[in-house]
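Everything below concerns the one structure shown next.
Residue numbers (UniProt numbering): 1 to 208.
Have a look at this one:
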């Protein structure tokens, strides 16, 4: 689990394309200080498993599904990325509940004179984005300041702009979006009472 409090601005140092996906190496002195094989690190909001640590760099394998559903499909050497280690059980909870499972990619639109930053979002995510609700953009936990049928806005403080990739994003750039997982659970549970349909919890008779 992650909280969306970015620990470090890292850098992609190597990208190796493979038939089944890609292998990325990322420089991040802080997150590699105690990293080991099998640990989870969120890279721009994508939960990835460490397969190798060497010096201040760690290496991860990224499957084709992840490349297709996130901005990591456009990863290239030298690109800055937001890094966060999985939350320790005794850690301080500063953001919101995040799984590191990207729901889709949005597009950075602009920053307006009122200090709000605007993003377009995929239509299928609209029902989960609500004013004053939580959303993760490239792994950064943020609060929705305004939302319309096609876009939403957040207020980014100077610290967020300077310490994360969001201060470097240009109009048209893709961003990873993870909506509030609690909203998705509530939707699934409420659907039963609205439609009368049984909940499909994935458990068959042979598993009961």
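Backbone N, C-alpha and C fix where the C-beta goes; we use that ideal spot for every residue, glycine too.
Computed from a predicted structure; not experimentally measured.
For residue 143, the enclosing beta strand (DSSP E) begins and ends at 140 to 147.
Taking the Cα positions, residue 12 is about 16 Å away from residue 166.
Within its own chain, the residues whose Cβ lies closer than 6 Å to the Cβ of residue 138, once the five positions on either side in sequence are excluded, are 44, 45, 82, 165, 175 and 176, listed in chain order. For residue 71, there is no enclosing beta strand (DSSP E), as DSSP marks it with neither H nor E. Looking from the CA of residue 171, the closest CA among 115, 108, 157 and 136 belongs to 108.
If you draw a straight line from the Cα of residue 181 to the Cα of residue 105, it is about 16 Å long. For residue 71, same chain residues with a beta-carbon under 7 Å away, outside a window of 5 residues either side, are 44, 105, 174, 175 and 176 in chain order. Shortest Cα-Cα distance from residue 114 to any of 102, 141 and 156 involves 156. Residue 54 is bridged by DSSP to 57.
A distance below 6 Å between beta-carbons, with the five flanking residues on each side excluded, links residue 79 to the following residues of its chain, in chain order: 12. Put simply, the backbone Cα of residue 127 is about 43 Å away from that of residue 54.
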